[in-house]
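Heads up: take any position in the sequence shown, counting from 1, add 119, and you land on the numbering used here. Ideal Cβ placement from N, Cα and C applies to all residues, glycine included. Below is one structure, written out as C-alpha cells; comments come after it.
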Amino acid sequence: MRRRMESDPDLLRQGPQAVLYAILDAVVDGYAPVVAGLQKDIEEIEVQVFSGDPSVSRRVYELSGEVIEFQRATAPLVGMIHGFIAGARKYGVTDELQSYLRDVADHAITVTERISSFRQMLQNILVVNSTLVTQAQNAEMARMTEASIRQGEEVKKISAWAAILFAPTLVGTIYGMNFDFMPETHWVFGYPFAIVLMGAVCLILYTVFKRRDWL
C-alpha cells in the first residue's frame, strides 16, 4: 500500500484521507481470495453431499463457523466507509477521492452479500444433507423390512413342509413299534390303510397351508 501511494503522487497529495482510502481499499481487496476460497469449499461440499460422504456434516459445520467469523470481521466495514463518505465534505475530501471511496464501499457491500449468501447456502446444504441421510436410512429400513418379510416367508414354508413330513413320520413311528397287540399290523389292509392315512394327512395339511399362503 505504501509503494502504491508513493507511485501515485497525485493521490498522496490529497492528504491523510487518501492514506485511509488506500488502507480500506487494500483491506477490501484482501477479502477477494478469502471469498474465492470459501466459494471453492462450498462447491466441494456440494459434491460431497450428493456423493453420500458421511464426513460432510462436520465439514459444513466447520466452514459455517469460518463464514460467521468472516462475516463478523467484514460487517462493520461497510458502515465505517459510509460514515467516512458522509463526512467527506466536512473534512475537505475531494470528489475524486469520494468516488474512490464509493467504489470501495461497493466492493465491501459485494463481499458482505457474498458472505450472507454463503451462510444461507451452507444452511441449505445442511437441510439437503439431512434429507438425503433420512432417505438413505428409510431405504435401509425398507430393505431390512423386506428382508425380514422374505425370511418370515421362508420360515413359514419350512415350517409347513416340516409339519407335512412329520405326519407320515408319526404314523410310521406308531406302526413301527414292536407291540404284540396291534390289530392293524395283522390286518390284511393294514399296510394300504397306513399308506392312505399318511397320504391323506399330508394332503390335508398341504391344502390348509396352501390356503393360508404358507406354501
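{"Asked": "Distance, GLN256 Cα to ILE161 Cα", "Found": "25 Å"}
{"Asked": "Collapsed DSSP secondary structure at VAL186 in the structure displayed", "Found": "helix"}
{"Asked": "Where GLY246 falls, given that 16 or more other Cβ within 10 Å makes a residue buried", "Found": "Reading the sequence as shown, one finds Val at residue 246 and not Gly. By the neighbour-count rule (16 or more Cβ atoms within 10 Å), VAL246 is not buried but exposed."}
{"Asked": "Rounded separation between ILE323 and GLN270 - CA only", "Found": "25 Å"}
{"Asked": "Span separating the alpha-carbon of PRO152 from that of VAL230", "Found": "11 Å"}
{"Asked": "Spatially closest choice to ILE142 from ALA258, LEU220, THR288, by CA coordinates", "Found": "LEU220"}
{"Asked": "Within 8 Å, strictly: CB atoms of ASN243 and VAL179", "Found": "no"}
{"Asked": "For VAL212 and MET129, the rounded distance between their alpha carbons", "Found": "For clarity, residue 129 is Asp in the given sequence; the question names Met instead. Distance between the alpha carbons of ASP129 and VAL212 is about 14 Å."}
{"Asked": "Integer Cβ distance of ALA279 from LEU334, believed to fall under 8 Å", "Found": "5 Å"}
{"Asked": "ALA207, DSSP secondary structure in three states", "Found": "coil"}
{"Asked": "Straight-line gap, ALA137 to LEU157 (C-alpha atoms, nearest Å)", "Found": "31 Å"}
{"Asked": "Beta-carbon proximity of ILE228 to GLN190, cut-off 8 Å", "Found": "no"}
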